[in-house]
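Structure record follows, encoded as structure tokens.
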Amino acid sequence: MGFASYVLHHVARVRMALVLCAMLIPQVASAQSLGDQVIVPGERVGSIRLGMTWDDVISLLGQPTSSFTNMGDPAKVDTYLQYDSLNLHIIFSNTAAPVVTYIQVQAWTQESFTFGTVVWSNFDPVSSNFHTADGIVLGSSSFDVLKKLGSGFTSNGGPVFMQYPGLGVFFNVTVDHRVWKIQVQDRQ
């Protein structure tokens, strides 16, 4: 076998290996699979709607970065799917046929923290473009939330939570007044 034949033979083998590897890599969630990326309180985040099944979410977004299935143990965390590249954490009911009960758009941090002590600079850059119809995004100020949604929120008495249960949306806020989590859930 001459040198040229040898190179062509190995190039073909490398191409075949790359094709096989691409087929084995799980589908990665992308912003395009979420549709319009609008957060609608009490209803949806992009194409992810409250009440969707586990399988519906996986078929739309592909395999998550991480997940956990709670088999009904109230002492453990809720069943969830997490998509780090979308800043998305989807929580399901702990029932035989789990459905989406909360959709969280949140900033991630590599550091552990205590609620009420975290500042915006502790978080990694946000890679998603989720937004409410009035422009609230991760990193918005709590003052913007107040201007756009009004003072009808409940709180824990501190700067950590802004809860609008009648609208079906909750905000977690840093001590420097920046939104780091937006949670959509049923209106109460």
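Residues 557 to 744, numbered by our numbering, are exactly what the sequence shown covers, in order. Even glycine gets a Cβ: it sits at the ideal position worked out from N, Cα and C.
Assigned exposure category for residue i - 16 Cβ within 10 Å defines buried
i, result
"residue 769", "It is not possible to answer for residue 769, since the shown part of the chain is limited to 557 through 744."
"residue 688", "buried"
"residue 696", "buried"
"residue 602", "buried"
"residue 674", "buried"
"residue 730", "buried"
"residue 627", "exposed"
"residue 741", "buried"
"residue 635", "buried"
"residue 681", "exposed"
"residue 712", "exposed"
"residue 744", "exposed"
"residue 666", "exposed"
"residue 686", "buried"
"residue 677", "exposed"
For residue i, three-class secondary structure by DSSP
i, result
"residue 738", "strand"
"residue 578", "Any reading at residue 578 needs caution, since the residue's pLDDT is 37, under 50, leaving its predicted position unreliable; the model's value is listed next. Correct three-state label for residue 578: helix."
"residue 573", "Bear in mind that a pLDDT of 39 at residue 573, under 50, signals an unreliable position, so the number given afterwards is only what the model happens to contain. Three-state DSSP puts residue 573 in a helix."
"residue 699", "helix"
"residue 729", "strand"
"residue 604", "strand"
"residue 666", "coil"
"residue 587", "Note on residue 587: pLDDT 49, under 50, position unreliable in the model; no value is reported."
Residue i versus the options, residue with shortest Cα-Cα distance
i, options, result
"residue 596", "609, 730, 718 and 726", "726"
"residue 629", "656, 651 and 657", "651"
"residue 671", "647, 736 and 657", "736"
"residue 605", "641, 643 and 660", "660"
"residue 734", "699, 646 and 723", "699"
"residue 716", "592, 723 and 669", "669"
Bridge-paired residues (DSSP) for residue i
i, result
"residue 622", "638"
"residue 659", "646 and 740"
"residue 687", "594"
"residue 717", "728"
"residue 673", "BP columns for residue 673 are empty, so no partner."
"residue 651", "None, per the DSSP bridge assignment."
beta-carbon residue i near the ligand ATP non-hydrogen atom, thresh 8 angstroms
i, result
"residue 722", "With respect to the ligand ATP, the structure shown offers nothing to examine, as it has no ligands at all."
Inter-stretch contact at 8 angstroms, needing at least 3 Cβ pairs: the segment 608-627 / the segment 701-710: no
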